[in-house]
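Undergrad: The sequence shown begins at 1 in my numbering and counts up one residue at a time.
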Amino acid sequence: MKMGINGGVAAKFSLTDVMTLETGVLYSTKGMQVEDGSVKQSVNISYIEIPLNIAYSVSDQISLMAGPYIGLLMSANLKSSYELLDQTIDEEVDIKDDIANMDFGINIGASFSINESISVGAGYQLGLADIGSEDDLDATHTNIYIGISYSFGGW
């Protein structure tokens, strides 16, 4: 498992009394970590993501949401650390050319409003795009996320 960050600006637009359209521009980091004996590797990929979610208010405090997202690749690198002749070797390689320039998929999640400005949420992101640029590599993103948000003006 690898922890990442996700942050940016978002907006909500009322569709009905209980439904909203939620979108924004977010900076998101994704990747993976592998450890096998003395060899440690991590892949770090960053995207600018644009979600387009429909949220349904189950109650005044709880809402469920789902919708697509698109991500534009910003950077990608591979960090390796291993032992060779009793020395630790650390390497970092830019792999942006090996990763597809665009990611897309589906978001599903829920949020709980603590008050008019603060809410907490959790969800799942299922990547549908093959992000590997090589024909023999099939890779997609799957992410579980938790977060806290602050709305200016109590939106």
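Ideal Cβ positions, reconstructed from N, Cα and C, are used throughout, including at glycine.
1) Of all the CB atoms in chain D, is at least one closer than 9 Å to the CB of tyrosine 27?
2) Which ranges would you report for the beta strand (DSSP E) in the region 67 to 152 if only whole runs of at least 3 residues count?
3) Where DSSP assigns a beta bridge to leucine 64, which residues make up the other side?
4) Please work out which residues of its chain come closer than 8 Å, Cβ to Cβ, to glycine 24, disregarding the five sequence neighbours upstream and downstream, and give them in chain order.
5) For the region 140 to 149 and the region 114 to 129, state whether three or more C-beta atom pairs, one from each stretch, are separated by less than 8 Å.
6) Provide the residue span of the beta strand (DSSP E) that contains leucine 15, from first to last.
TA: On the basis of the supplied data:
1) Absent here is chain D; the protein component of the structure consists of one chain.
2) Runs of the beta strand (DSSP E) inside the region 67 to 152: 87 to 94, 102 to 113, 118 to 127 and 142 to 150.
3) Bridge partners of leucine 64: Tyr56 and Ala110.
4) These residues qualify, in order along the chain: Gly8, Val9, Ala10, Ala11, Ile50 and Pro51.
5) By the Cβ criterion, the region 140 to 149 is in contact with the region 114 to 129, since at least three pairs of Cβ atoms, one from each stretch, lie closer than 8 Å.
6) Judged by DSSP secondary structure, leucine 15 falls outside any beta strand (DSSP E); it is assigned neither H nor E.
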